[in-house]
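In terms of the working numbering, the sequence shown is residues -17 to 252. Every residue, glycine too, gets a C-beta built ideally from N, C-alpha and C. Here's the structure, in C-alpha coordinates; my notes come after.
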Amino acid sequence: MPELPEVEITRRGIEAHITQQTIERVRTHTPRLRWPIPRLNLHLKNQTISSITRRGKYILIHVQKGTLIIHLGMSGCLKILTQDTPRIKHDHVEIFFKSGVCLRYNDPRRFGAMLWTNEPAENHIRLIDLGIEPLEKAFTGETLYQITQQRRCSIKALIMNSHLIVGIGNIYATEALFISKISPTTLANRLSKKRCEKLASAIKIVLNHAIDQGGTTLKDFRHSDGKPGYFSQQLQVYGKAGQPCPACQRTLKLITQQQRSTTYCTQCQR
(Lines of atoms letter the chains of each structure in order from A and count residues from 1; the text may use other names and numbers.)
(Lines give C-alpha, C1' and ligand atoms only; values in the text may rest on other atoms or scores of the structure.)
Protein backbone atom coordinates (compact mmCIF):
# COMPACT_ATOMS: atom_id res chain seq x y z
CA MET A 1 0.00 0.00 0.00
CA PRO A 2 1.33 3.48 -0.85
CA GLU A 3 2.41 5.27 2.32
CA LEU A 4 3.09 8.96 2.97
CA PRO A 5 6.21 9.22 0.75
CA GLU A 6 4.54 7.54 -2.23
CA VAL A 7 1.44 9.72 -1.89
CA GLU A 8 3.55 12.88 -1.57
CA ILE A 9 5.58 11.91 -4.64
CA THR A 10 2.37 11.32 -6.59
CA ARG A 11 1.02 14.69 -5.45
CA ARG A 12 4.16 16.49 -6.59
CA GLY A 13 4.18 14.60 -9.87
CA ILE A 14 0.68 15.62 -10.90
CA GLU A 15 0.91 19.11 -9.39
CA ALA A 16 3.48 20.20 -11.94
CA HIS A 17 1.18 19.27 -14.84
CA ILE A 18 -2.37 20.17 -13.83
CA THR A 19 -2.31 23.03 -11.31
CA GLN A 20 -4.05 26.08 -12.82
CA GLN A 21 -5.33 23.89 -15.65
CA THR A 22 -9.03 23.76 -16.58
CA ILE A 23 -10.91 20.48 -16.74
CA GLU A 24 -12.68 19.79 -20.03
CA ARG A 25 -14.55 16.65 -19.00
CA VAL A 26 -14.36 13.56 -16.78
CA ARG A 27 -15.05 9.98 -17.82
CA THR A 28 -15.77 7.28 -15.25
CA HIS A 29 -15.52 3.67 -16.41
CA THR A 30 -16.61 1.89 -13.23
CA PRO A 31 -19.42 2.77 -10.79
CA ARG A 32 -17.37 2.25 -7.64
CA LEU A 33 -13.94 1.69 -6.18
CA ARG A 34 -13.90 1.12 -2.43
CA TRP A 35 -16.98 3.34 -2.33
CA PRO A 36 -19.28 4.58 -5.12
CA ILE A 37 -17.66 7.18 -7.36
CA PRO A 38 -19.55 10.50 -7.31
CA ARG A 39 -20.73 12.29 -10.47
CA LEU A 40 -17.31 13.73 -11.17
CA ASN A 41 -18.12 15.28 -14.55
CA LEU A 42 -20.94 17.26 -12.95
CA HIS A 43 -18.66 18.54 -10.19
CA LEU A 44 -15.45 19.10 -12.15
CA LYS A 45 -16.32 20.09 -15.72
CA ASN A 46 -14.95 23.57 -16.55
CA GLN A 47 -13.38 23.87 -13.11
CA THR A 48 -9.79 25.11 -12.76
CA ILE A 49 -7.47 23.40 -10.31
CA SER A 50 -6.27 25.95 -7.77
CA SER A 51 -3.97 23.70 -5.74
CA ILE A 52 -3.14 20.09 -4.90
CA THR A 53 -2.38 19.19 -1.29
CA ARG A 54 -2.00 16.07 0.82
CA ARG A 55 -3.52 14.99 4.13
CA GLY A 56 -2.10 11.74 5.39
CA LYS A 57 -2.44 9.27 2.52
CA TYR A 58 -5.11 11.34 0.75
CA ILE A 59 -4.47 13.61 -2.25
CA LEU A 60 -6.71 16.69 -2.32
CA ILE A 61 -7.40 18.39 -5.65
CA HIS A 62 -8.96 21.78 -4.95
CA VAL A 63 -11.22 23.66 -7.37
CA GLN A 64 -13.60 26.58 -6.86
CA LYS A 65 -16.67 24.39 -6.23
CA GLY A 66 -15.02 22.00 -3.77
CA THR A 67 -12.38 19.30 -3.41
CA LEU A 68 -11.75 15.95 -5.09
CA ILE A 69 -10.34 13.58 -2.46
CA ILE A 70 -8.30 10.64 -3.76
CA HIS A 71 -6.95 7.61 -1.90
CA LEU A 72 -4.70 5.20 -3.80
CA GLY A 73 -5.72 2.15 -1.77
CA MET A 74 -3.51 -0.92 -2.19
CA SER A 75 -2.62 -0.64 -5.87
CA GLY A 76 -3.88 2.68 -7.21
CA CYS A 77 -1.80 5.14 -9.21
CA LEU A 78 -2.36 8.45 -10.98
CA LYS A 79 -0.76 8.89 -14.39
CA ILE A 80 -0.20 11.99 -16.49
CA LEU A 81 -0.76 11.12 -20.15
CA THR A 82 -1.72 12.69 -23.45
CA GLN A 83 -5.42 12.43 -24.23
CA ASP A 84 -4.87 10.07 -27.16
CA THR A 85 -3.06 7.48 -25.02
CA PRO A 86 -5.12 4.25 -25.23
CA ARG A 87 -6.75 3.06 -22.04
CA ILE A 88 -5.38 -0.09 -20.45
CA LYS A 89 -6.95 -2.61 -18.10
CA HIS A 90 -7.99 -1.16 -14.72
CA ASP A 91 -8.04 2.48 -15.92
CA HIS A 92 -11.18 3.56 -14.05
CA VAL A 93 -11.30 7.37 -14.17
CA GLU A 94 -10.01 9.85 -16.76
CA ILE A 95 -9.86 13.60 -16.19
CA PHE A 96 -9.29 15.50 -19.44
CA PHE A 97 -7.85 19.01 -19.42
CA LYS A 98 -8.21 21.73 -22.03
CA SER A 99 -4.41 21.80 -22.26
CA GLY A 100 -4.47 18.33 -23.86
CA VAL A 101 -3.29 16.49 -20.76
CA CYS A 102 -5.16 13.57 -19.19
CA LEU A 103 -5.00 12.49 -15.54
CA ARG A 104 -5.83 8.78 -15.41
CA TYR A 105 -6.53 6.68 -12.32
CA ASN A 106 -5.55 3.00 -12.54
CA ASP A 107 -6.34 0.55 -9.73
CA PRO A 108 -6.27 -3.23 -10.26
CA ARG A 109 -7.62 -4.07 -6.79
CA ARG A 110 -10.13 -1.21 -6.60
CA PHE A 111 -9.40 -0.52 -2.94
CA GLY A 112 -8.77 3.15 -3.67
CA ALA A 113 -11.31 5.94 -3.51
CA MET A 114 -12.48 9.09 -5.27
CA LEU A 115 -14.66 11.28 -3.09
CA TRP A 116 -16.12 14.76 -3.47
CA THR A 117 -16.95 17.48 -0.98
CA ASN A 118 -18.37 20.99 -1.32
CA GLU A 119 -17.40 21.73 2.28
CA PRO A 120 -13.92 22.47 3.69
CA ALA A 121 -11.94 19.30 3.00
CA GLU A 122 -10.58 19.05 6.53
CA ASN A 123 -14.15 18.45 7.76
CA HIS A 124 -14.76 15.46 5.49
CA ILE A 125 -15.57 12.25 7.37
CA ARG A 126 -12.41 10.56 6.03
CA LEU A 127 -10.12 13.40 7.10
CA ILE A 128 -11.54 14.96 10.24
CA ASP A 129 -10.16 12.35 12.66
CA LEU A 130 -6.68 12.05 11.17
CA GLY A 131 -3.69 12.60 13.43
CA ILE A 132 -0.66 14.85 13.22
CA GLU A 133 1.47 15.08 10.07
CA PRO A 134 4.91 13.62 10.90
CA LEU A 135 6.78 15.95 8.53
CA GLU A 136 5.34 19.11 10.03
CA LYS A 137 7.38 21.17 12.51
CA ALA A 138 4.71 20.52 15.13
CA PHE A 139 5.68 16.84 15.21
CA THR A 140 8.52 16.75 17.73
CA GLY A 141 9.86 14.40 20.36
CA GLU A 142 7.80 16.24 22.95
CA THR A 143 4.67 15.82 20.84
CA LEU A 144 5.32 12.11 20.42
CA TYR A 145 6.03 11.74 24.14
CA GLN A 146 2.67 13.29 25.01
CA ILE A 147 0.91 10.95 22.56
CA THR A 148 2.53 7.88 24.09
CA GLN A 149 1.86 8.57 27.76
CA GLN A 150 -1.68 7.23 28.02
CA ARG A 151 -1.28 4.29 25.65
CA ARG A 152 -0.18 0.76 26.50
CA CYS A 153 -0.06 -0.55 22.93
CA SER A 154 3.26 -1.36 21.28
CA ILE A 155 5.17 1.62 19.96
CA LYS A 156 4.98 0.23 16.44
CA ALA A 157 1.19 0.01 16.61
CA LEU A 158 1.07 3.57 17.93
CA ILE A 159 3.10 5.19 15.18
CA MET A 160 1.06 3.30 12.57
CA ASN A 161 -2.24 4.53 14.02
CA SER A 162 -3.48 7.18 11.57
CA HIS A 163 -5.75 8.71 14.21
CA LEU A 164 -2.58 9.66 16.10
CA ILE A 165 0.09 10.07 13.40
CA VAL A 166 -0.71 9.90 9.71
CA GLY A 167 1.02 8.22 6.81
CA ILE A 168 3.42 5.81 8.53
CA GLY A 169 2.86 2.28 7.27
CA ASN A 170 4.68 -0.95 7.97
CA ILE A 171 7.76 -0.24 5.88
CA TYR A 172 8.63 3.14 7.36
CA ALA A 173 7.63 2.22 10.92
CA THR A 174 9.99 -0.76 10.76
CA GLU A 175 12.86 1.33 9.41
CA ALA A 176 12.37 4.23 11.83
CA LEU A 177 12.33 1.91 14.84
CA PHE A 178 15.58 0.32 13.68
CA ILE A 179 17.29 3.69 13.25
CA SER A 180 16.15 4.83 16.70
CA LYS A 181 17.16 1.46 18.24
CA ILE A 182 13.73 0.90 19.76
CA SER A 183 12.12 -2.54 19.84
CA PRO A 184 8.77 -2.59 18.03
CA THR A 185 7.32 -4.53 20.98
CA THR A 186 8.12 -1.83 23.56
CA LEU A 187 5.00 -0.46 25.23
CA ALA A 188 4.43 3.11 24.09
CA ASN A 189 3.97 4.51 27.58
CA ARG A 190 7.32 3.05 28.67
CA LEU A 191 9.32 5.27 26.33
CA SER A 192 11.28 8.13 27.86
CA LYS A 193 11.15 11.62 26.41
CA LYS A 194 14.71 11.18 25.10
CA ARG A 195 13.79 8.00 23.22
CA CYS A 196 10.71 9.72 21.81
CA GLU A 197 12.96 12.48 20.51
CA LYS A 198 15.13 9.88 18.77
CA LEU A 199 12.11 8.17 17.25
CA ALA A 200 10.49 11.40 16.04
CA SER A 201 13.77 12.35 14.40
CA ALA A 202 14.13 8.90 12.83
CA ILE A 203 10.61 9.06 11.40
CA LYS A 204 11.36 12.38 9.71
CA ILE A 205 14.69 11.09 8.38
CA VAL A 206 13.18 7.93 6.93
CA LEU A 207 10.19 9.66 5.34
CA ASN A 208 12.25 12.47 3.81
CA HIS A 209 14.86 10.04 2.51
CA ALA A 210 12.13 7.89 0.97
CA ILE A 211 10.68 10.95 -0.79
CA ASP A 212 14.14 11.87 -2.08
CA GLN A 213 14.54 8.32 -3.43
CA GLY A 214 11.17 8.34 -5.15
CA GLY A 215 9.36 6.16 -2.63
CA THR A 216 9.35 2.38 -2.28
CA THR A 217 8.28 0.11 -5.12
CA LEU A 218 7.85 -3.47 -3.90
CA LYS A 219 5.08 -4.45 -6.31
CA ASP A 220 2.51 -1.93 -7.52
CA PHE A 221 3.67 1.63 -6.86
CA ARG A 222 4.65 3.81 -9.82
CA HIS A 223 5.16 7.56 -10.14
CA SER A 224 2.78 9.64 -12.26
CA ASP A 225 5.26 9.19 -15.13
CA GLY A 226 5.29 5.40 -14.71
CA LYS A 227 8.72 5.15 -13.07
CA PRO A 228 9.29 3.06 -9.90
CA GLY A 229 10.62 4.30 -6.57
CA TYR A 230 14.11 3.33 -5.43
CA PHE A 231 13.94 3.49 -1.63
CA SER A 232 13.53 -0.31 -1.60
CA GLN A 233 17.26 -0.45 -2.35
CA GLN A 234 17.93 1.53 0.86
CA LEU A 235 15.88 -0.61 3.25
CA GLN A 236 17.94 -1.80 6.22
CA VAL A 237 15.63 -4.32 7.91
CA TYR A 238 12.18 -4.37 6.32
CA GLY A 239 11.68 -7.63 4.43
CA LYS A 240 15.10 -8.95 5.50
CA ALA A 241 14.20 -11.41 8.26
CA GLY A 242 16.82 -14.14 8.59
CA GLN A 243 19.57 -11.93 7.22
CA PRO A 244 22.38 -10.35 9.30
CA CYS A 245 21.64 -7.06 11.03
CA PRO A 246 23.50 -4.31 9.13
CA ALA A 247 24.75 -2.93 12.46
CA CYS A 248 25.71 -5.96 14.58
CA GLN A 249 25.39 -8.98 12.24
CA ARG A 250 22.94 -10.80 14.52
CA THR A 251 20.18 -12.55 12.56
CA LEU A 252 17.15 -10.30 12.10
CA LYS A 253 14.00 -11.67 13.72
CA LEU A 254 10.52 -11.84 12.20
CA ILE A 255 7.40 -11.53 14.36
CA THR A 256 3.75 -10.71 13.71
CA GLN A 257 2.07 -7.67 15.28
CA GLN A 258 -1.60 -6.96 14.61
CA GLN A 259 -1.48 -9.22 11.54
CA ARG A 260 1.52 -7.32 10.15
CA SER A 261 5.03 -8.66 9.77
CA THR A 262 7.74 -6.96 11.81
CA THR A 263 11.46 -7.45 11.27
CA TYR A 264 13.91 -6.17 13.87
CA CYS A 265 17.21 -6.81 15.63
CA THR A 266 16.87 -8.19 19.15
CA GLN A 267 20.39 -6.98 19.94
CA CYS A 268 20.28 -3.40 18.64
CA GLN A 269 16.63 -2.63 19.36
CA ARG A 270 15.56 -2.55 23.01
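Inset, instruction - Keeping to the same chain, check which residues put their C-beta closer than 8 angstroms to that of GLN251; ignore five residues upstream and five downstream. - result: LEU159, PHE160, LYS163, ILE164, SER165 and PRO166.
Inset, instruction - Quick one: grab the DSSP three-state call for PRO20. - result: Three-state result, PRO20: coil.
Legend entry - Range of the contiguous alpha helix (DSSP H) that encloses LEU159: Counting along the chain, the alpha helix (DSSP H) containing LEU159 begins and ends at 152 to 161.
Inset, instruction - Inspect the beta-carbon positions of GLN3 and PHE93 and report whether they are closer than 8 angstroms. - result: No, Cβ-Cβ distance for GLN3 and PHE93 is not below 8 angstroms.
Legend entry - Neighbourhood of ALA120 by C-beta distance below 8 angstroms, restricted to the same chain and skipping five residues each side: In chain order, ILE114 place their CB closer than 8 angstroms to the CB of ALA120, counting only its own chain and leaving out the 5 sequence neighbours on each side.
Inset, instruction - Within 10 angstroms of the Cβ of ASP194, are there 16 or more other Cβ atoms? Answer buried if so, exposed if not. - result: ASP194 should be labelled exposed.
Inset, instruction - For VAL148, name the three-state secondary structure that DSSP assigns. - result: Note: VAL148 maps to coil in three-state DSSP.
Legend entry - CB of THR10 within 8 angstroms of CB of ILE19, strictly: Contact flag set, yes.
Inset, instruction - Between the Cα of ASN105 and those of THR122, ILE51 and GLY224, spot the shortest distance and give me the residue it belongs to. - result: Measuring from the Cα of ASN105, the nearest candidate turns out to be ILE51.
Legend entry - Cα-Cα separation between THR49 and ARG36, rounded to whole angstroms: Cα to Cα, the separation comes out at about 12 angstroms.
Inset, instruction - Alpha carbon to alpha carbon, how far is GLY197 from LYS61? Give it in angstroms, no decimals. - result: About 16 angstroms.
Inset, instruction - In the DSSP assignment, find the unbroken beta strand (DSSP E) run with ILE84 in it and report its ends. - result: In the sequence as presented, Ile is not what sits at residue 84; that position holds Cys. 83 to 88 is the span of the beta strand (DSSP E), which, as asked, contains CYS84.
Legend entry - Cutoff 7 angstroms; reference HIS25; Cβ partners in own chain excluding five residues on either side: These residues qualify, in order along the chain: LYS47, GLY48 and TRP98.
Inset, instruction - Pick out whichever of GLY151, GLN29 and ASN100 has its Cα sitting closest to the Cα of LEU189. - result: The residue with the shortest Cα to Cα distance from LEU189 is GLY151.
Legend entry - Through-space distance from ILE153 to ARG14, alpha-carbon basis: Their Cα atoms are separated by approximately 29 angstroms.
Inset, instruction - List the residues that DSSP assigns as beta-bridge partners of CYS59. - result: Paired residues: ASN88.
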